[in-house]
Amino acid sequence: WNARAEIRHNLVRNYWKGIGAFVNADAVIERNIVEDVLTWGITVWDAGKGRPRADIVENLIYHTGACGIAITLPPEAAGVCAGNLVAYPGQNEKYDDPDYYCAQCPIAVHSAPPDYQLAHNLCAENRRALPDSVRHMDACVDVGLAEIVAAADSLRFATTRAGSYSRALIELWTGSQAE
Numbered sequence: 004w005n006a007r008a009e010i011r012h013n014l015v016r017n018y019w020k021g022i023g024a025f026v027n028a029d030a031v032i033e034r035n036i037v038e039d040v041l042t043w044g045i046t047v048w049d050a051g052k053g054r055p056r057a058d059i060v061e062n063l064i065y066h067t068g069a070c071g072i073a074i075t076l077p078p079e080a081a082g083v084c085a086g087n088l089v090a091y092p093g094q095n096e097k098y099d100d101p102d103y104y105c106a107q108c109p110i111a112v113h114s115a116p117p118d119y120q121l122a123h124n125l126c127a128e129n130r131r132a133l134p135d136s137v138r139h140m141d142a143c144v145d146v147g148l149a150e151i152v153a154a155a156d157s158l159r160f161a162t163t164r165a166g167s168y169s170r171a172l173i174e175l176w177t178g179s180q181a182e
């Protein structure tokens with residue numbers, strides 16, 4: 004909750020949740036692949052009492068039950084969410100209520116400072132279940148899967164540090180989604 008971490012070049016797969024920075028954490032979350040998680044892929048959350056900082060940069064988030072990325076920050080927080088690729092978020096209707104985990108969209112900005120940097124995040128095949136009251140929280144540029152594949156290739160997401168291919172990349176490259 005209150006630690007400093009650099010989380011880079013990891014494959015996070017088949018967990019309940021992805022990567023999180025909470026309360027007063029200070030994190031660099033960069034070039035990870037988060038796939039097949041039951042709820043959110045990456046989150047930064049202040050819990051209503053902290054001031055976390057997270058640089059969420061160039062990650063690939065694929066097939067989440069809830070949102071791809073969730074951001075909840077106080078007005079004085081810092082950080083960036085840029086260059087991320089999100090495909091097939093919000094796949095579980097169970098999490099459609101935004102009070103459950105996050106607004107059901109690719110990148111859910113629940114609260115952030117006015118100058119918080121959200122840039123060049125690409126999203127494809129997004130399932131959205133947003134009531135009108137939270138539609139403003141949806142912060143992503145919709146593109147086709149071909150653009151996600153090209154961006155993933157340019158980031159050289161070939162394998163993880165452990166040398167294993169991710170399901171996301173295999174499916175994106177072959178054009179088929181496995182069940």
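Per the working numbering, the very first residue in the sequence shown carries number 4; after that it's consecutive.
Glycine residues also receive a C-beta, built at the ideal position from the N, C-alpha and C atoms.
Predicted model only: the values in this text are computed from it and were never measured.
Check, Outcome
"Can you name the start and end residues of the beta strand (DSSP E) that ALA81 belongs to?", "Taken as a continuous stretch (DSSP letters only), ALA81 belongs to no beta strand (DSSP E), as it is neither H nor E."
"Roughly how many angstroms separate the alpha carbons of LYS97 and PRO116, rounded to a whole number?", "30 angstroms"
"If distances are taken between C-alpha atoms only, which option among ILE151, SER114, ASN62 comes closest to ASN13?", "ASN62"
"Measure the C-alpha to C-alpha separation of VAL40 and GLU79 and round it to an integer number of angstroms.", "30 angstroms"
"What's the call for ASN5, buried or exposed, on a 16-neighbour Cβ count within 10 Å?", "exposed"
"Would you kindly work out how many angstroms separate the C-alpha atoms of GLY68 and ASP49, rounded to a whole number?", "22 angstroms"
"Throw me the rounded Cβ distance for the LEU88 and ALA154 pair, which I believe falls under 8 angstroms.", "5 angstroms"
"In the structure shown, what three-state DSSP assignment does ALA165 receive?", "With a pLDDT of 47 at ALA165, under the threshold of 50, the modelled position of that residue is not reliable, and the figure given next carries that caveat. Coil at ALA165, not helix or strand."
"Pull up the distance between the alpha-carbon of SER157 and that of CYS70, whole angstroms please.", "24 angstroms"
"What separation, rounded to the nearest whole angstrom, lies between the Cα atoms of ALA90 and GLU150?", "11 angstroms"
"Quick one, which of GLU128, VAL144, TRP43 has its alpha-carbon nearest ARG122's?", "Before going on, a small fix: residue 122 reads as Ala here, not Arg. Taking only the C-alpha atoms, the option nearest ALA122 is VAL144."
"Exposed or buried, GLY51, counting other C-beta atoms within 10 Å across all chains shown (16 or more means buried)?", "exposed"
"Where does the unbroken alpha helix (DSSP H) through ALA149 begin, and where does it stop?", "148–157"
"Anyone know if the C-beta pair for GLU38 and VAL60 falls short of 9 angstroms?", "no"
"In the DSSP assignment, the beta strand (DSSP E) including LEU41 goes from what residue to what residue?", "That residue, LEU41, is in no beta strand (DSSP E); it is neither H nor E in DSSP."
"With distance defined between alpha-carbon atoms, name the residue in ARG56, GLY53, ILE64, GLU9 nearest to ASP20.", "Here the sequence assigns Lys to residue 20, which means Asp is not the residue at that position. Answer by Cα proximity: ILE64."
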